[in-house]
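Contents: one structure, followed by commentary.
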Amino acid sequence: MFGCGHWNRGLFHGAAGLLGLGRGPLSFASQLQSLYGHSFSYCLVDRNSNSSVSSKLIFGEDKDLLKHPQLNFTSLVGGKDNPAETFYYVQIKSVIVGGEVLNILKETWNLSPEGVGGTIIDSGTTLSYFAEPAYEIIKEAFVKKVKSYPIVHDFPILNPCYNVSGVKNMEFPSFGIVFGDGAVWNFPVENYFIKLEPDIVCLAILGTPRSALSIIGNYQQQNFHILYDTKRSRLGYAPTRCADA
């Protein structure tokens, strides 16, 4: 099924269109299951890659990915009891900044029996969004730990932002997600700090209301090969230089 979008927008740039890869029966991925099975994967190049380089999308089992020595899996968990549900839910247990497990109530990450809250992974959302109070706690952890670069306040959407003028190799606290089944997803710094100007970088995370979804967006997924295996109900992720994959 194909539609026509007349006004497609993205957070930073316009969008050419949208390919539905959700769990619902009408998604492109679901309609291809009879041909390619119940898995697909993609590898998103980083936003600074040469425009001639394309990201990769594979329907069916990728045997090379399954052999990747750094491939990790976490479980996909149930969403709303609705056959039209399209989201891929994962269960976050905790967030780590600079080696410190942040003091975020576990209820912040839970999906309620009514289908409210929870965390999804989404290729169509640019940045990651974390429900309050998790976002404020994550943000304050970076503010507390980053002392090497001056804070700037010229970018109201993203916070904190830092002036890294003259810095060749940026050094920021590490950032990772621990899932409920014990899997850990550690991100390289370029996946959670975004360069908005030649000398300005900002934390590439936003907040949402307490009862809203948390979302792991595509900026955090860049240069990871992401595998959706709906038959085994699991999500795979492996660090990969996607421009060369």
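In mature numbering (1 follows the signal peptide of the UniProt record, and there is no 0), the protein residues as written are -17 to -1, 1 to 228. Glycine included, every Cβ here is placed at the ideal spot set by N, Cα and C. On a predicted model such as this, the values are computed, not experimentally measured, just so you know.
List the residues that DSSP assigns as beta-bridge partners of residue i.
i: arginine 217; result: Ser58 and Asp212
i: phenylalanine 70; result: BP columns for phenylalanine 70 are empty, so no partner.
i: leucine 85; result: Paired residues: none, contrary to the question.
i: lysine 39; result: Cys26
i: leucine 223; result: It should be noted that the sequence gives threonine, not leucine, for residue 223. Paired residue(s): none; threonine 223 is not in a bridge.
Check residue i in the structure and name its three-state DSSP category.
i: valine 172; result: helix
i: glutamate 180; result: strand
i: phenylalanine 125; result: helix
i: leucine 186; result: strand
Under the rule that 16 or more other beta-carbon atoms within 10 Å means buried, what is residue i, buried or exposed?
i: glycine 219; result: buried
i: leucine 33; result: Here residue 33 is asparagine; the residue named in the question, leucine, does not match the sequence. That one is exposed.
i: asparagine 206; result: buried
i: serine 22; result: buried
i: serine 24; result: buried
i: glycine 100; result: buried
i: valine 28; result: buried
i: asparagine 31; result: exposed
i: valine 78; result: buried
i: valine 73; result: buried
I believe residue i touches residue j by the beta-carbon criterion, under 8 Å. Please report the beta-carbon distance rounded to the nearest angstrom.
i: isoleucine 134; j: isoleucine 87; result: The pair is not a contact, with the Cβ atoms about 23 Å apart (cut-off 8 Å).
i: phenylalanine 70; j: glycine 163; result: Their Cβ separation, rounded to whole angstroms, is 17 Å, which puts phenylalanine 70 and glycine 163 out of contact at 8 Å.
i: tyrosine 118; j: glycine 190; result: 3 Å
i: isoleucine 183; j: asparagine 152; result: Between asparagine 152 and isoleucine 183 the Cβ distance is about 17 Å, and since that is not below 8 Å, they are no contact.
i: lysine 39; j: alanine 228; result: 6 Å
* Asked: Does the segment 48 to 60 touch the segment 163 to 175, meaning 3 or more C-beta pairs lie closer than 8 Å?
  -> yes
* To do: Could you tell me whether the segment 75 to 87 touches the segment 108 to 127, where touching means 3 or more Cβ pairs closer than 8 Å?
  => yes
* Does the segment 172 to 190 touch the segment 128 to 145, meaning 3 or more C-beta pairs lie closer than 8 Å? -> yes
* Should the segment 198 to 208 be regarded as contacting the segment 103 to 114, the criterion being three or more beta carbon pairs within less than 8 Å? -> yes
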